[in-house]
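By the count of our numbering, the sequence shown reaches residue 626 at its end, each step adding exactly one. Written below as structure tokens is the structure these notes are about.
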Amino acid sequence: MRRKTSITLLSVGHACVDVYQGAVASLIPFLVAERGYGYAAASGVVLAASLLSSVAQPLFGALTDRRPMPWLLPASTLLAGLGIALSGGGGSYALTLACVAVSGLGVAAYHPESARVARLADGGHSAMGWFSLGGNVGFALAPLLVTAVVGTGGLRWTPLLALPALAGAALSLAVLRAPGQRQRLFAPAPAAGGDGRASFVRLSLAVVCRSIVFTGLSGFLALYAAQRLGGGVTAGTAALFVLYLGGAAGSVLGGRLAGRLDRVTVCRWSYLLTAAAVAGVVLVPGPALYLCVALTSAGLYVPFSLQVTLGQDYLPSRVGTAGGITLGLTVSVGGLVSPLIGRVADATSLRTALAPLVLMPLLSWLLLRGLTEPAGPGRRTDPPAGPGQRAVPKSWVQ
């Protein structure tokens with residue numbers, strides 16, 4: 229199978245998985261309406277989806293570094309879909325938490341191995357950009373899909389949300405079963421140069437701050453937009469759709485900018501501009517809220533795929549672990565802050581609770597200052613190591 233075909237199938241499969249990350253936030257207004265959840269209870273659902281996923285993703289990454297496991301792609305896709313499909317059954321809060329946690333586990337198992345497979349597609353940030361774009365499209369489609377299904381039949385119709393998982397699993401199997409693909413995907417990773425652990429840690433902390441902003445907005449934007457604009461569920465769904473769709477535009481723009489500037493510079497400027505956009509979400513009145521949401525989304529997603537490849541290049545001997553952290557753990561860990569946002573919102577107002585998110589992109593910008601472009605696929609700028617020496621990029625020597 230040609231590499232372009234493989235990355236296309238992987239990208240669409242990624243969309244099918246990330247539908248279930250976006251579905252959790254999209255279900256919140258319906259859980260509030262049908263079951264009377266408060267902000268704290270609603271944020272607990274976001275936490276349940278994120279907590280297990282946060283712990284599991286680096287573990288799956290470490291496992292795939294030791295032994296390639298491409299079969300995780302279809303299996304984890306089905307698990308992610310199963311959890312969301314069962315989340316609307318019954319009225320038990322504990323059962324709902326358990327179901328979204330199962331879905332989060334499926335998402336956790338998918339991302340580290342899928343990042344490794346996507347990297348094999350062309351060895352650089354080009355394939356990762358298309359792969360990430362698929363995930364963004366999945367996020368964008370989630371509120372439309374959930375509203376179409378649950379808005380029509382209520383939470384009892386959530387089993388229909390398993391359909392994307394079935395499609396995603398089939399696409400993953402098509403990639404794994406392609407002629408000549410099995411040998412490549414199950415081959416052990418080649419020897420790599422030295423790791424830049426300090427740079428990787430700083431990058432990961434920057435992605436954590438980004439995650440707090442994105443998860444905070446994902447969990448509460450639908451309710452916030454409904455309050456500010458008075459449009460009910462429709463206004464909230466539209467705001468979530470803009471948030472997720474803007475990510476697709478941001479991913480494409482990030483790849484193009486990285487072709488002209490280095491990835492670290494692109495990430496730094498993106499976070500600086502994102503801080504102003506998040507301030508607009510909190511402060512700007514009226515329909516202009518949608519424009520601020522779109523700018524926030526683009527700003528958060530311009531660096532997304534670039535950070536994944538940066539992490540893999542800073543940690544070349546542990547590509548699965550790097551993918552599990554930058555594509556998974558640091559994204560999911562933002563959900564750990566959601567209960568705090570919910571409690572502040574219950575005690576004050578949702579607008580007050582979201583205001584501190586303005587600081588997070590600024591922290592990401594500060595953390596990325598001083599980092600430089602590592603050597604990596606397509607970026608090998610350092611002189612080759614001598615006989616018996618390990619190549620260590622000069623950017624990691626502080």
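Each residue gets a CB set at the ideal place from its N, CA and C atoms; glycine is no exception. None of these values were measured; they are calculated from a predicted model.
query, result
"Suppose you measure from the CA of residue 561 to the CA of residue 433; what does that come to, to the nearest Å?", "11 Å"
"I'd like the list of long-range same chain contacts for residue 333, defined as Cβ closer than 7 Å, with 5 residues on each side in sequence excluded.", "280, 281, 284, 307"
"With C-beta atoms as the reference, is residue 327 less than 8 Å away from residue 309?", "no"
"For residue 299, does the three-state DSSP call read helix, strand or coil?", "coil"
"If contacts are defined as beta-carbon pairs under 8 Å, then residue 338 and residue 304 qualify, I think. What distance do you get, rounded to the angstrom?", "4 Å"
"Quick one: what's got a C-beta closer than 6 Å to residue 419's C-beta in the same chain, skipping five residues either side?", "Confidence in residue 419 is poor, its pLDDT being 48 and thus under 50, which makes the residue's placement unreliable; the coordinate value appears in the next sentence. Same-chain partners within the cutoff: there are none."
"If you reduce the DSSP assignment to three classes, tell me which class residue 234 lands in.", "helix"
"Relative to the alpha-carbon of residue 449, which residue among 579, 493, 514 has its alpha-carbon at the smallest distance?", "579"
"Report, in whole angstroms, the separation of the C-beta atoms of residue 534 and residue 486, which I expect to be a contact under 8 Å.", "6 Å"
"Look at residue 358 and residue 446 and say whether their C-beta atoms are less than 8 Å apart.", "no"
"What do you reckon, are the CB atoms on residue 330 and residue 255 nearer than 8 Å?", "no"
"Does the region 362-371 come into contact with the region 540-547, if we say contact requires no fewer than three beta-carbon pairs (one atom in each stretch) closer than 8 Å?", "no"
"For residue 371 and residue 250, I'd like the C-alpha separation in whole angstroms.", "7 Å"
"Return the chain-ordered list of same chain residues with a C-beta closer than 7 Å to the C-beta of residue 465, the five sequence neighbours on each side being excluded.", "371, 375, 450"
"Evaluate contact between the region 483-498 and the region 566-582, counting only Cβ atoms and requiring at least three cross-stretch pairs below 8 Å.", "no"
"Please list the terminal residues of the continuous alpha helix (DSSP H) segment that includes residue 494.", "491-511"
"Keeping to the same chain, check which residues put their C-beta closer than 7 Å to that of residue 397; ignore five residues upstream and five downstream.", "302, 305, 306"
"Assuming residue 295 and residue 547 form a contact by the criterion Cβ under 8 Å, report the distance between their Cβ atoms to the nearest whole angstrom.", "At roughly 13 Å, the Cβ-Cβ gap does not stay under 8 Å, so residue 295 and residue 547 are not in contact."
"What do you get for residue 347, buried or exposed, if any count of 16 or more other CB atoms within 10 angstroms of its CB means buried?", "buried"
"Given a threshold of 16 other Cβ atoms within 10 Å of its Cβ, counted over all protein chains shown, does residue 516 qualify as buried or as exposed?", "exposed"
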